[in-house]
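Presented below is the structure to which this report refers.
Number of protein chains: 2
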Amino acid sequence: MASNEKTLTVVALGGNAILKPGQEGTAKQQIENVNETTKQLAKMVLSGEYKIVVSHGNGPQVGNLMLQNELAKEEVPSHPLDVCGAESQGFIGYMLSQSLDNVFNQNGRGDIPVSTVLTQTLIDGDDPAFDDPSKPVGPFYTEEAAEELQEEKGYNMIEDAGRGYRRVVPSPEPEAIVEKEPIRQLLAAHTVVIAAGGGGVPVVREGDRLVGREAVIDKDLETEQLAEDVGAEVLVILTDVENVYLNYNQPDQEALGRITVDEASDYLEEGHFARGSMKPKVKAGIEFVESGGKKAVITSLNKVLEALEGNTGTTITK
Amino acid sequence: MASNEKTLTVVALGGNAILKPGQEGTAKQQIENVNETTKQLAKMVLSGEYKIVVSHGNGPQVGNLMLQNELAKEEVPSHPLDVCGAESQGFIGYMLSQSLDNVFNQNGRGDIPVSTVLTQTLIDGDDPAFDDPSKPVGPFYTEEAAEELQEEKGYNMIEDAGRGYRRVVPSPEPEAIVEKEPIRQLLAAHTVVIAAGGGGVPVVREGDRLVGREAVIDKDLETEQLAEDVGAEVLVILTDVENVYLNYNQPDQEALGRITVDEASDYLEEGHFARGSMKPKVKAGIEFVESGGKKAVITSLNKVLEALEGNTGTTITK
Numbered sequence: 021m022a023s024n025e026k027t028l029t030v031v032a033l034g035g036n037a038i039l040k041p042g043q044e045g046t047a048k049q050q051i052e053n054v055n056e057t058t059k060q061l062a063k064m065v066l067s068g069e070y071k072i073v074v075s076h077g078n079g080p081q082v083g084n085l086m087l088q089n090e091l092a093k094e095e096v097p098s099h100p101l102d103v104c105g106a107e108s109q110g111f112i113g114y115m116l117s118q119s120l121d122n123v124f125n126q127n128g129r130g131d132i133p134v135s136t137v138l139t140q141t142l143i144d145g146d147d148p149a150f151d152d153p154s155k156p157v158g159p160f161y162t163e164e165a166a167e168e169l170q171e172e173k174g175y176n177m178i179e180d181a182g183r184g185y186r187r188v189v190p191s192p193e194p195e196a197i198v199e200k201e202p203i204r205q206l207l208a209a210h211t212v213v214i215a216a217g218g219g220g221v222p223v224v225r226e227g228d229r230l231v232g233r234e235a236v237i238d239k240d241l242e243t244e245q246l247a248e249d250v251g252a253e254v255l256v257i258l259t260d261v262e263n264v265y266l267n268y269n270q271p272d273q274e275a276l277g278r279i280t281v282d283e284a285s286d287y288l289e290e291g292h293f294a295r296g297s298m299k300p301k302v303k304a305g306i307e308f309v310e311s312g313g314k315k316a317v318i319t320s321l322n323k324v325l326e327a328l329e330g331n332t333g334t335t336i337t338k
Numbered sequence: 021m022a023s024n025e026k027t028l029t030v031v032a033l034g035g036n037a038i039l040k041p042g043q044e045g046t047a048k049q050q051i052e053n054v055n056e057t058t059k060q061l062a063k064m065v066l067s068g069e070y071k072i073v074v075s076h077g078n079g080p081q082v083g084n085l086m087l088q089n090e091l092a093k094e095e096v097p098s099h100p101l102d103v104c105g106a107e108s109q110g111f112i113g114y115m116l117s118q119s120l121d122n123v124f125n126q127n128g129r130g131d132i133p134v135s136t137v138l139t140q141t142l143i144d145g146d147d148p149a150f151d152d153p154s155k156p157v158g159p160f161y162t163e164e165a166a167e168e169l170q171e172e173k174g175y176n177m178i179e180d181a182g183r184g185y186r187r188v189v190p191s192p193e194p195e196a197i198v199e200k201e202p203i204r205q206l207l208a209a210h211t212v213v214i215a216a217g218g219g220g221v222p223v224v225r226e227g228d229r230l231v232g233r234e235a236v237i238d239k240d241l242e243t244e245q246l247a248e249d250v251g252a253e254v255l256v257i258l259t260d261v262e263n264v265y266l267n268y269n270q271p272d273q274e275a276l277g278r279i280t281v282d283e284a285s286d287y288l289e290e291g292h293f294a295r296g297s298m299k300p301k302v303k304a305g306i307e308f309v310e311s312g313g314k315k316a317v318i319t320s321l322n323k324v325l326e327a328l329e330g331n332t333g334t335t336i337t338k
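Residue numbers (the numbering used here), protein chains in the order written: chain G, 21 to 338; chain V, 21 to 338.
Here it is as structure tokens:
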């Protein structure tokens with residue numbers, strides 16, 4: 021297949037691709053996880069059928085950075101959330117870049133360039149999410165410490181499931197990827213791109229300037245925006261399960277295979293998909309196909325090629 | 021001038037471009053400094069004469085990250101130096117990207133793309149620097165704590181000027197920029213690139229894999245390597261002073277203007293330039309011109325255009 025016929029595909033990694041539940045989060049653990057992840061991603065590229073952009077979450081990594089900032093605050097000025105997000109993009113991008121370089125090299129394709137692009141995401145400063153901060157970030161606090169932070173720094177704090185108090189921040193919708201042009205340039209030159217990590221660093225337009233905001237953009241919706249902005253044909257959202265399910269974890273659970281946008285929208289409205297879990301993935305898939313994308317695939321990492329061939333996973337099409 | 025005639029120029033920022041001596045190091049301070057810095061850098065691009073890659077140091081930022089890691093180590097697994105370096109590239113790249121976006125936009129050139137590329141630098145695992153770790157990094161420790169780190173983690177610790185004990189790491193020579201191909205692709209498409217921050221993340225080749233190492237590559241030598249690898253015509257190294265001087269800070273101090281590589285080499289051998297300060301800058305300039313670069317310019321940030329026109333600063337040519 022001629023290289024200019026490769027299918028431009030944006031792939032969102034699930035959280036487990038980098039850090040697994042229960043792991044402490046050493047760099048060594050994360051690098052080992054990433055090495056397994058990139059073996060699967062590389063298959064897409066090595067098949068010769070796809071050129072890819074990879075996005076990823078950053079919840080645990082940013083949580084750890086925020087906790088480090090908190091514990092060291094008497095001696096080191098604490099960074100705001102946008103800066104911690106940028107730092108986590110550096111960390112995770114480094115692991116993914118190096119690991120992809122390695123797997124390509126091990127397959128005799130050390131010539132395939134890989135690049136992590138620090139990504140900012142434009143959001144609307146008037147997004148209604150700013151009136152309703154609801155996304156918990158960072159460490160748990162005692163009630164007393166939470167009240168102090170609320171007074172001193174104006175943080176919004178909530179009690180989280182009896183485990184203590186946490187800061188909540190707005191989760192606005194992505195409007196555009198600031199770095200879409202460089203990402204497009206790299207893809208046109210057949211570089212594998214890592215971008216939009218952790219939903220991108222949220223920035224608002226204030227007059228003629230971009231300014232960072234303390235917020236978290238949903239990783240799946242962000243990846244959808246990226247896919248639109250680079251003109252991708254296919255959006256792949258990876259998660260822990262092989263399919264999207266109706267009545268998930270119920271006796272009458274049903275795996276979804278190939279469904280239309282309309283079917284997906286109906287299921288979404290019927291409340292089949294959990295908030296903060298499958299719901300944003302299905303929503304992202306619908307938005308992508310409605311905006312002109314060819315198909316959105318939701319599946320697990322190790323089934324990605326099979327799912328792209330239509331043999332498993334959930335595929336949303338027009 | 022046709023855009024394909026622009027002079028490809030690699031610019032190394034000085035430390036003061038991001039954090040000034042005596043500043044505490046809040047994100048706000050650093051962003052304000054960066055906003056002044058990018059006004060000068062943008063002049064080069066807005067003149068229509070240059071396309072640029074910008075590199076930067078990361079000493080204070082990595083130092084703060086290492087101190088945060090140290091102070092939080094009971095609760096958050098500490099990251100090795102290569103990971104802290106990658107995090108600092110994310111942080112500083114974010115500030116520089118956003119600030120350049122803003123200054124271009126304020127000048128009606130919001131169409132100029134800007135991209136920070138996470139950069140790894142290949143070093144030789146047998147570099148003699150590994151037998152002689154000499155670059156101090158991170159926080160100061162008491163003698164007792166230093167001995168503990170030496171035993172527990174095998175760190176090399178030295179006493180630093182009566183201010184306490186510090187870890188020292190190797191400072192090997194850069195051999196190649198891993199991301200040179202994507203950086204070239206972006207430059208070919210007229211994107212302003214931020215790369216090789218903090219000397220790049222040092223990686224060695226182990227069999228068919230790249231692996232990170234705890235080391236620090238000199239920022240100026242790294243920038244020279246970057247300039248070679250992208251085929252730059254001009255290397256600019258920015259610092260606090262307008263020129264390179266003979267007998268610096270002596271009564272017979274003499275500013276150097278246009279000098280040849282041979283003259284520069286003689287002055288270097290005569291010991292005119294301070295280790296860790298002007299010496300690596302002059303060395304980088306010599307290496308660049310000897311490797312085929314047209315000229316290397318050493319000057320201060322606010323004189324950069326004048327110096328490129330040959331009206332101030334120190335210029336090294338064949």
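Glycine included, each C-beta is placed from N, C-alpha and C at the ideal position.
Query                                                                                                                         : Result
Between the CA atoms of Gln50/V and Ala92/V - distance to the nearest angstrom                                                : 23 Å
Glu167/G burial status per 10 Å Cβ neighbour count (16 or more: buried)                                                       : exposed
Per DSSP, the bridge partner or partners of Gly232/V                                                                          : Val223/V
C-beta contact flag for Ile237/V and Pro192/V at 8 Å                                                                          : yes
Secondary structure of Thr243/V, DSSP reduced to three states                                                                 : helix
Alpha-carbon spacing of His210/V relative to Pro133/V, whole angstroms                                                        : 7 Å
Buried versus exposed call for Ser67/G [16 or more other C-beta atoms within 10 Å across all chains shown]                    : exposed
Within 7 Å of chain V by C-beta, residues of the segment 90-105 of chain G in sequence order                                  : Leu91, Ala92, Glu95, Val96, Pro97, His99, Pro100, Val103
When His76/G, Ser117/G, Glu201/G, Tyr265/G are compared against Phe293/G, the one with the closest alpha-carbon               : Tyr265/G
Members of the segment 192-213 of chain G that neighbour chain V once the beta carbon cut-off is set at 7 Å                   : Val198, Glu199, Glu201, Pro202, Gln205, Leu206, Ala209, Thr211
Proximal residues of chain G, C-beta to C-beta of Pro133/V below 8 Å                                                          : Glu199, Glu201, Pro202, Gln205
Val309/V (DSSP reduced to helix, strand or coil)                                                                              : helix
Chain-order list of residues whose beta-carbon lies under 7 Å from that of His99/G (same chain, five-residue window excluded) : Asn89
Under 9 Å from the C-beta of Gly113/V: neighbouring residues of chain G                                                       : Ala106, Gln109, Gly110, Leu138
Neighbourhood of Ala316/V by C-beta, 6 Å cutoff - its chain only, sequence neighbours within 5 removed                        : Leu255, Gly305, Phe308, Val309, Ile336
Beta carbon proximity, Leu87/G to chain V, threshold 8 Å                                                                      : yes
Members of the segment 29-56 of chain V near chain G, C-beta cut-off 7 Å                                                      : Glu44, Gly45, Thr46, Ala47
Host beta strand (DSSP E) of Val189/G (start-end)                                                                             : 185-189
Ala22/V - DSSP class collapsed to helix/strand/coil                                                                           : For Ala22/V, the predicted structure reports a pLDDT of 47, less than 50, and the residue's modelled location is therefore unreliable. A value from the coordinates is still provided. Looking at Ala22/V - three-state DSSP - the assignment turns out to be coil, as it is neither helix nor strand.
Within chain V, partners of Asn84/G - CB distance below 7 Å                                                                   : Val96
Selected residue, minimal CA-CA separation from Gln205/V, among Ser135/V, Tyr287/V, Asn267/V                                  : Ser135/V
Partners in chain G for Leu230/V, counting only beta-carbon separations shorter than 7 Å                                      : Gln118, Asp121, Asn122
For Asn176/G, the residue or residues it bridges with in DSSP                                                                 : Val188/G
Residues that Gln126/G contacts on chain V, provided the C-beta gap is smaller than 7 Å                                       : Asp228
Secondary structure of Ile33/G, DSSP reduced to three states                                                                  : Sequence check: residue 33/G is Leu here, not Ile. Three-state DSSP puts Leu33/G in coil, outside helix and strand.
8 Å contact criterion, which Ala252/G and Val30/G should meet: CB distance rounded                                            : 5 Å
Neighbour-count burial assignment, Asp249/G, 16 or more Cβ in a 10 Å radius                                                   : buried
CB contact flag (Leu138/G, Gly105/V, <8 Å)                                                                                    : no
Cβ-Cβ separation, Asn53/G to Ala37/G (assumed contact under 8 Å), whole Å                                                     : 7 Å
is_contact[Val223/G, chain V] using C-beta, thresh 8 Å                                                                        : yes
First and last residue of the uninterrupted alpha helix (DSSP H) at Leu325/V                                                  : 324-328
Coil, strand or helix - Val264/V by DSSP                                                                                      : strand
Reduced DSSP secondary structure (H/G/I, E/B, other) of Lys71/V                                                               : strand
Same chain, Cβ closer than 6 Å to Ala327/V, neighbours up to 5 away in sequence not counted                                   : Val317, Thr319, Gly333
Nearest-angstrom Cβ-Cβ length linking Thr141/G and Val223/G, presumed shorter than 8 Å                                        : 7 Å
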